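Here the protein sequences line up with chains W and B, keeping their order. Residue numbering for the first sequence follows my numbering, beginning at 14 and increasing consecutively. Residue numbering for the second sequence follows my numbering, beginning at 894 and increasing consecutively.
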Amino acid sequence: MNVNLEHYQAKLKDFIAQLRALHIESLEQKWITLSLAAIGLLVAIITLDAFFHGINPPSKVETIDSARLHLSEEFAEDKLGVSVNEKGDVIVRMVAGRYSFFPKHIEVPAETKITFRWVSMDVLHGVHIPMTNMSTMIVPGYVAEITTTFPKPGDYPLLCNEYCGLGHNHMWSNIAVIAKEDWQAPTAKTSQGEAL
Amino acid sequence: MIEQATKKLVLAHLWVAFAAFALACVLGEYQVLERSGFIEALNSAPVYFASVSTHGVLMAFVLTTFGIMGFGYYFAVTSLNQPLWQPKLAWLGFAVALTGVVLAAVPLLLGKASVLYTFYPPIIAHASFYLGATLLVVGSWLWCVIMVVMFAQWKKANPGQPIPLAMFATTANALLWLWTSAGVALEVLFQLLPLALGWIDTIDAGLARTLFAWTLHPIVYFWLLPVYTAFYVLVPKQAGGYLFSDEVARASVIVLVVFALPIGFHHLYMDPEQGQGWKLLHGIGTFVVALPTLVTGFTVIASLEIAGRLRGGQGLFGWILTLPWTNPMILAVILSLLMLIFGGFGGLVNASYAMNAMVHNTAWVSGHFHLIFGGTTIIMYLAMAYYLWPMLTGKPLFSNTMALCQLWAWFIGMVILTTPWHVLGLLGQPRRISTVVYNNFAHIGLETL
C-alpha cells in the first residue's frame, strides 16, 4: 500500500516538474493571461447573475405522465389557461401537442410576473415568444416552468421552435399582452380560452 | 513514408467523405431554394425535412467521420514513419462504416427517417437508420484502436522521445471520440433501436436528450481536431516558416480533450430535465474550452507571421501580404480564421447560460454552426484534400486557380448564408422550419422593440 502511494507521489511530482518545464514564450504568456482574464470575466458575469439576480434558464426538474394529462389534476381541459392563485400570482398552464398550443389564445397583463407551466401531450416541442426570454423546451414527461415579465403590451406570436413532425411549420399561436390596468383576472374555476 | 496500399486506404476514405459532401451540398442548395419561396411548386414539408435530415447526417456524420479516419491514417504513417498496423482491420472498419452509411441512407432518402441528424425521440425513424448510425460509429472505433496501438508501438520503440505532434493530436482525437460516441451509442442501443423495433413502448425523452448531449458537444472537437492538427503541422511549412510553439500546441490539445467532455449540457440550457447547477457548471466548462481555441488562434497567427517575415514582409501588417495566398492551404487557413472570429463570438453568446434564451432554437443557431463548422472546419477539410490528393494519386491538381476560386466562393457564400440567419434568429425566427407561415420577422422585431 505504502509503496503504491509513494509510486503515485513520484508520478505526481514528475507531472508537476514536466508542467513547470513547459516552455512558454513571454508573448504567449501575455496572450494566455489575457484570454483567461476574458474568460474569467464572462464566467463571473453569468455566475453572479445566476446566484444574486436569479437569472437562470428554465430548469424545474418536475415529471408528469404525458399520456394522462387529460386526467391529471393540473392539466385537465378546464384547468388550462390563465389563472390567479390565492397568493395573487398569475399562472398560465399550457399544453403543447401536434400542431398547436392549447388554449389557442390567452390574454396576460403587462409588467406583471407570470409563471408559465408547459407540458407536451405527444412529442418534443419548444416554445418561444420572439423578442422575449419566454423560451423553453417542452419535453414529454416533464413540466417546463418559466417565470417572466412582459414589459410592453401587444400581440405576440407564440412559436414552436423544435421540430415535432411534418406539420411543425404550422405550430404557432399568439398571446395578447394587455396593459396592466386594463387586464381582468379570470374568475377561478372557469374554463379558459377555446375548447380543445 | 506512405506505402501504396495505405494511399489506397486513405483515398477510399476521402472518396466516401467527399461523395457524401457533394450530395449534401446539392441537398443544401435545394433547401435554400425551397425556403426562398421563389418556386411555389417546391414547397413540400415531407421532402424538405427528409432533405434536411439527410443533409445533416451526410455533413456532420459521414463527411466528418470518413474524412477524420482518412486524415488520421495519413498523419499516423507519415509522422511516425512506420507502416500501418493491421491494414485489414482498417479496411474492416471502412467496410462496417460504409455499410452503416448505406443502411442509414436508404430510409433517409425515402423519407422514413426524417428525424433530423439529432434524432429527436419520441419521434421515431425506421430501425435501419439507427442500425446504420451504430455501424458507422462502430467502424470508426476500429480506427480509434489502430491509432492508439500505433501510438503505443512508437512510444515503446522510442522510449523517452516525444511523439510527433501530428500523431499526438490524432491519438488525442481517437480517445476523445471513444468517450464522446459512447453517449449516442447508449441512446441508440438502449432506447431508440428497441423502440423502433417495437420491443419497448415508451422511453424517457429527457434521458435520450441527455445522452445525445453527451455526444453532441465533444463531437464538435472530434471534427475540429484534425483541422487544428493541420494548423499546427501542415500550415507553418506550407507558409514557408515553422510552428511558433510545439509545447503549447500539445498543451492546447490536452485542455481541449479534457474540457470538451463535460460541457454537452449547454445544448440543454432550455430543457426541463436538468437542474440549474449542472447547466451552470457545463456553462463554465464551455467558456474554459474557449481557451485552447484562443491559444491555437494565437499560435497559428504567430506561425504565419514568422513565415510572412521570413518571406520579406515588413511592418505591423506587411507580413500578411507576403504570405503565399495562392497556396490553397494558406488561403483556407486565413479564411478559416476570419470565420472563426465571427463564429466564436456567436458561440460566446450561445454559451452564456441565460442569454441563450433569446437565440435558442432560432435561425441564429443554424447561422452559428454553418459559420463555425461549414466555414471554419470544412474549408480546412477542403484545403487538406487539395494538399493530399496529388500526393495520394501521384497526379498534380487539375487546376490550382479553380481550387482558389472554390475556396473564395465557399467563404463568400458562407458569409452571405449566415449573416441573415443571425439577424433573423435575433428576431425570433425558429430554425428547422420548411416555410415561414406566420408574420414577417422584421415586422415583429420592430413592433416589439
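Every residue, glycine too, gets a C-beta built ideally from N, C-alpha and C. The structure presented is a predicted model; accordingly, all values stated were derived computationally and were not measured.
Exposed unless 16 or more other CB atoms sit within 10 angstroms - verdict on B/W1070: Counting Cβ neighbours within 10 Å, B/W1070 comes out buried, since at least 16 surround it.
message: Closer than 9 Å between beta carbons: that is the criterion. Which residues of the segment 1279 to 1292 of chain B meet it against chain W?
response: none
query: Considering only the beta carbon of each residue, do B/T1122 and B/A1059 sit closer than 7 Å?
result: yes
- prompt: Count the other CB atoms within 10 Å of the CB of B/F987; is the residue buried (16 or more) or exposed (fewer)?
  reply: buried
field: Inter-stretch contact (C-beta, 8 Å, three-pair minimum) for the segment 1215 to 1229 of chain B and the segment 1131 to 1139 of chain B
entry: Three or more beta-carbon pairs drawn from the segment 1215 to 1229 of chain B and the segment 1131 to 1139 of chain B are found closer than 8 Å, and the two stretches are therefore classed as touching.
query: Listing by chain order, which chain B residues have their CB less than 8 Å from the CB of W/V156?
result: P1165
query: If B/L985 and B/L1035 are in contact, beta carbons under 8 Å, what's the gap, nearest whole angstrom?
result: 6 Å
message: Can you tell me whether B/F1291 is helix, strand or coil according to DSSP?
response: B/F1291 falls in the coil class under three-state DSSP.
task: With 7 Å as the threshold, decide whether the Cβ of W/H36 is near any Cβ in chain B.
output: Interface annotation, W/H36: in contact with chain B, CB-CB separation under 7 Å.
- request: Say whether chain W places a C-beta atom closer than 7 Å to the C-beta of B/S1245.
  value: Put simply, the CB of B/S1245 is near chain W, with a gap under 7 Å to one of its CB atoms.
message: Counting only Cβ-Cβ distances shorter than 8 Å, please list the residues of the segment 1125 to 1145 of chain B near chain W, keeping chain order.
response: F1137, S1138, E1140, V1141 and A1144
field: Buried or exposed (CB count within 10 angstroms, at least 16 for buried), W/M134
entry: buried
message: Just to confirm the assignment, what range does the beta strand (DSSP E) spanning W/P122 have?
response: In the DSSP assignment, W/P122 falls within the unbroken beta strand (DSSP E) covering H118 to P122.
task: Could you tell me how far apart the beta carbons of B/T1064 and B/F1044 are, in whole angstroms, since I believe they sit closer than 8 Å?
output: 4 Å
message: By the DSSP assignment, the alpha helix (DSSP H) with W/I127 in it spans what residues?
response: Unbroken run through W/I127 is the beta strand (DSSP E), K126 to S133; no alpha helix (DSSP H).
message: Checking 7 Å against the spacing of the C-beta atoms, do B/H948 and B/L920 come in under that value?
response: yes
message: With a threshold of 7 Å between beta carbons, is B/N1254 in contact with chain W?
response: yes
query: If the cut is a Cβ gap below 8 Å, which residues of chain B does W/L49 touch?
result: Residues of chain B whose Cβ lies closer than 8 Å to the Cβ of W/L49 are, in chain order, L1184.
message: What does the alpha-carbon distance come out to for the pair B/P1323 and B/M1248?
response: 16 Å
message: Quick check on B/G1168 - is its C-beta less than 7 Å from some C-beta in chain W?
response: yes
query: For W/G180, which residues of its own chain have a beta-carbon under 7 Å away from its beta-carbon, when the five flanking residues on both sides are left out?
result: The beta carbon of W/G180 is closer than 7 Å to those of R111 and Y112 in its chain, skipping five residues each way along the sequence.
- prompt: Whose C-beta lies closer than 7 Å to the C-beta of B/G1318 among residues of the same chain, with five residues either side of it excluded?
  reply: V1252, T1255, A1256, W1257, V1258 and G1260
query: How should B/I1234 be labelled, buried or exposed, when 16 other C-beta atoms within 10 angstroms of its C-beta is the threshold for buried?
result: Exposed: under 16 other Cβ atoms inside 10 Å.
message: Do W/F88 and W/V108 have their beta-carbon atoms positioned less than 7 Å apart in this structure?
response: yes
task: Return helix, strand or coil for B/E933, following the three-state DSSP convention.
output: The three-state reading of DSSP puts B/E933 in helix, counting H, G and I together.
When W/L35, W/T145, W/L47 and W/I151 are compared against W/P164, the one with the closest alpha-carbon: It is W/T145 whose Cα lies nearest to the Cα of W/P164.
message: Output needed for B/D1097: all residues of its chain with C-beta closer than 6 Å, excluding positions within five of it in sequence on either side, in chain order.
response: none
- request: Just the chain W side, please: which residues come within less than 8 Å of B/P1057 by C-beta, in chain order?
  value: Per Cβ cutoff of 8 Å: no residues; B/P1057 is ~18 Å from chain W at best.
field: Reduced DSSP category for W/R2 - H, G, I as helix; E, B as strand; rest coil
entry: Since the displayed chain W opens at 14 and closes at 209, residue 2 of chain W lies outside it and no answer follows.
message: Helix, strand or coil for W/S186? Go by DSSP, reduced to three states.
response: Residue state, collapsed to three classes: strand.
query: Roughly how many angstroms lie between the CA atoms of B/L1214 and B/A1067, to the nearest whole one?
result: 37 Å
message: For W/I151, report the span of its beta strand (DSSP E) as first-last.
response: S148 to I151
- prompt: Hey, would you say B/A917 sits closer than 7 Å to B/M952, going by beta carbons?
  reply: B/M952 sits close to B/A917, with the two beta carbons spaced by under 7 Å.
query: How many Å lie between B/T1108 and B/L1154 at the Cα?
result: 8 Å
- prompt: When the Cα of B/P1000 is compared with those of B/V940, B/G1208, B/K1048 and B/V1038, which residue comes out closest?
  reply: Comparing Cα-Cα distances from B/P1000 to each of B/V940, B/G1208, B/K1048 and B/V1038, the minimum goes to B/V940.
- prompt: Since W/Y112 meets chain B, which of its residues come closer than 8 Å, beta carbon to beta carbon?
  reply: None at all; the shortest Cβ gap to chain B is about 11 Å.
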